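K.L.:
Okay, so the sequence shown: first residue is 1 according to full-length UniProt numbering, each after it adds one.
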Amino acid sequence: MKVFVYGSLCKSLENHHYLKDAKLLSEHAWLYGELFSGFSYYPLLVKNPHAKTFGELYEINENTLNKLDRLEGFNQSDPDSLFQREKATVFIEDQPLEAYTYYFPHQRKGAPVPHGNWKVARMLKQKKLKYFAFGSCMDQERFRSGKVDHLFKNVLGCGKLDGYDLTFSHHKHDGGRADIIEKQGTRVEGIVYEISHEALHYLYKREGVYSNGYRPVVVEVELNNQLVSALSFTVIEKDTDLTPPLHYAREIHRGGSPYLSADYIESLEKRFMEDLPVKGFEKYLSEMK
């Protein structure tokens with residue numbers, strides 16, 4: 001059986017140990033419902049067909065389900081339980097699945113959770129944030145041209161995101177833009193910055209968060225041999241892979257080259273010359289070398 005979790009049961013949060021025997025199916029699943037901040041350290045999920053809540057999807061056994069029922073204060077014979085466990089339609093990207101989740105059946109409390117994502121909301125409360133850039137935001141020249149390079153001076157190093165693949169699923173008039181999707185056995189490398197909320201506001205505008213192009217997510221990346229939580233961005237309406245324009249491929253390659261592994265840079269070069277051939281990229285490479 002499957003369960004969708006959206007609060008303290010998520011990875012790296014307070015009650016995640018209850019899922020130690022569970023199998024993670026997706027870190028970025030979602031369902032229709034609205035998330036509120038509540039009255040304690042956990043959020044409240046309320047039914048709403050016009051809102052989305054993002055969370056994690058797990059395969060669990062009966063024993064784990066019983067533990068979750070107790071944690072959530074759910075009693076099948078008590079209609080006034082703190083939470084009600086119900087079956088819901090949960091999506092991995094656009095693929096629907098059936099899973100249990102826990103709804104708050106009482107009068108909602110607290111404010112709506114930003115982006116319908118509890119982990120993002122928690123991270124946004126920090127004064128300084130770790131930000132994982134895997135696309136053109138690795139490029140300092142682009143920051144300089146936008147007069148925001150001072151906001152991205154604190155580079156912490158190369159971040160390695162396991163279980164994800166780099167795609168170009170955001171279509172614009174001149175080609176694709178970078179995205180990350182869950183895919184076992186693959187890895188995305190990028191740059192981890194420490195940023196302020198001023199930098200975050202710039203990223204929200206640049207990444208199209210305000211125009212619903214991308215949404216913020218929290219991912220766990222390996223940085224200096226340690227796992228750290230970092231903010232990143234993923235495309236909302238994912239499309240097929242589309243060849244990026246030369247200026248965009250150049251920004252990714254130029255920005256990532258000083259920090260990413262030689263093998264990863266080589267794989268990017270192959271991508272831009274063979275898999276998604278970018279016109280003029282080979283000439284750019286020869287001029288670089």
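C-beta: ideal position from N, C-alpha, C; glycine also.
Note that the structure is predicted; figures quoted are calculated from it, not measured.
(1) Find out if the Cβ-Cβ distance for the pair G135, I60 is shorter than 7 Å.
(2) Quick check: A22 and E34, are their CB atoms within less than 7 Å of each other?
(3) On the three-state DSSP scale, how would you describe C137?
(4) Kindly list the residues whose CB is nearer than 6 Å to the CB of F143, restricted to its own chain and excluding five residues on each side of it in sequence; keep chain order.
(5) For I64, which beta-bridge partners are listed by DSSP?
(6) Below 7 Å between beta carbons: does that hold for L231 and Y131?
(7) What are the residues that DSSP puts in a beta bridge with L44?
(8) Would the beta-carbon of P105 fall within 7 Å of that of Q84?
(9) Kindly provide the ranges of any alpha helix (DSSP H) runs that are 4 or more residues long and lie completely inside the segment 48 to 104, ordered along the chain.
(10) Runs of 3 residues minimum, wholly inside the segment 141 to 194: which ones carry the beta strand (DSSP E) assignment?
(11) Along the chain, which unbroken stretches of the alpha helix (DSSP H) at least 4 residues long are found entirely within the segment 228 to 268?
(12) With DSSP run on the structure shown, which of helix, strand or coil describes A29?
(13) Check whether the Cβ atoms of L242 and G175 lie closer than 7 Å to each other.
(14) Buried or exposed, going by whether 16 or more other CB atoms sit within 10 Å of the CB of S145?
(15) Skipping 5 residues on each side, what residues in its chain have a beta carbon closer than 6 Å to that of F39?
(16) Suppose the cutoff is 8 Å on Cβ atoms and the five residues either side in sequence are ignored; what does the same chain contact list for K2 look like?
(17) Can you tell me where the alpha helix (DSSP H) holding Y284 begins and where it ends?
(18) Determine the burial state of H170: buried for a count of at least 16 other Cβ atoms within 10 Å of its Cβ, exposed for fewer.
(19) Smallest Cα separation from L200: which of E220, G116, Y164 and K125?
(20) Would you kindly report the start and end of the unbroken alpha helix (DSSP H) that includes E198?
(21) Hey, does S257 have any beta-carbon neighbour from chain D nearer than 7 Å?
(22) First and last residue of the alpha helix (DSSP H) that includes V209?
(23) In the DSSP assignment, find the unbroken alpha helix (DSSP H) run with V120 in it and report its ends.
(24) Can you have a look at T240 and say buried or exposed, based on whether 16 or more other CB atoms are within 10 angstroms of its CB?
(25) Please say whether V235 and D179 have beta carbons closer to each other than 7 Å?
(26) Can you tell which of L45, L161 and G73 has its C-alpha closest to the C-alpha of A88?
(27) Apart from the five residues just before and just after V188, which ones in its own chain have a Cβ nearer than 6 Å to its Cβ?
P.N.:
According to the structure shown:
(1) To locate residue 135, count along the sequence shown from 1; it is residue 135. To locate residue 60, count along the sequence shown from 1; it is residue 60. Result no, Cβ atoms of G135 and I60 do not sit closer than 7 Å.
(2) In the sequence shown, residue 22 corresponds to position 22, counting from 1. In the sequence shown, residue 34 corresponds to position 34, counting from 1. Cβ atoms of A22 and E34: not closer than 7 Å.
(3) In the sequence shown, counting from the first residue as 1, residue 137 sits at position 137. Here C137 sits in helix by DSSP.
(4) Numbered from its first residue, the sequence shown carries residue 143 at position 143. Excluding residues within five positions, the ones whose Cβ falls inside 6 Å are D149 and F152.
(5) Counted from its first residue, the sequence shown places residue 64 at position 64. For clarity, residue 64 is Thr in the given sequence; the question names Ile instead. Per DSSP, none; premise fails for T64.
(6) The count along the sequence shown starts at 1 and reaches residue 231 at position 231. The count along the sequence shown starts at 1 and reaches residue 131 at position 131. Yes.
(7) The count along the sequence shown starts at 1 and reaches residue 44 at position 44. Paired residues: F36.
(8) The sequence position of residue 105 within the sequence shown is 105, counting from 1. The sequence position of residue 84 within the sequence shown is 84, counting from 1. In contact: P105 and Q84 (Cβ atoms closer than 7 Å).
(9) 62 to 71
(10) 155 to 172
(11) 246 to 256
(12) Here residue 29 is taken as the residue at index 29 of the sequence shown, counted from 1. Strand at A29.
(13) Here residue 242 refers to the residue found at position 242 when the sequence shown is read from its first residue. Here residue 175 refers to the residue found at position 175 when the sequence shown is read from its first residue. The Cβ atoms of L242 and G175 sit closer than 7 Å to each other.
(14) For this step, residue 145 is matched to residue 145 along the sequence shown. That one is exposed.
(15) The residue labelled residue 39 in the question sits at position 39 within the sequence shown. If we look at F39 and ignore the five residues flanking it on each side, its Cβ neighbours are K109.
(16) Walking along the sequence shown from the start, residue 2 turns up at place 2. Excluding positions up to five away in sequence, the list reads L25, L57, Y58, E59, I60, V90, L97, E98, A99 and Y100.
(17) For the purposes of this step, residue 284 is taken as the residue at position 284 of the sequence shown. Here the alpha helix (DSSP H) through Y284 covers F281 to M288.
(18) Start at 1 with the first residue of the sequence shown, and residue 170 comes out as number 170. Answer is buried; the Cβ neighbour count reaches 16.
(19) Here the question's residue 200 lines up with position 200 in the sequence shown. Among E220, G116, Y164 and K125, the Cα nearest to that of L200 is on K125.
(20) Counting from 1 along the sequence shown, the entry for residue 198 is found at position 198. First-last of the alpha helix (DSSP H) with E198: H197 to R206.
(21) The question asks about chain D, but that chain is absent: this structure has only one protein chain.
(22) Along the sequence shown, read from residue 1 onward, the residue named residue 209 stands at position 209. Per DSSP, V209 belongs to no alpha helix (DSSP H) and is neither H nor E.
(23) Taking the first residue of the sequence shown as position 1, residue 120 is located at position 120. Residues W118 to L124.
(24) Along the sequence shown, one-based indexing puts residue 240 at 240. So T240 counts as exposed.
(25) For this step, residue 179 is matched to residue 179 along the sequence shown. For this step, residue 235 is matched to residue 235 along the sequence shown. Closer than 7 Å, so yes.
(26) Position 88 of the sequence shown holds residue 88. Nearest option by C-alpha distance: L45.
(27) As a working note, residue 188 is residue 188 in the sequence shown. Once the five neighbours on either side are set aside, the close Cβ partners of V188 are F134, L161, Y164, L166 and I180.
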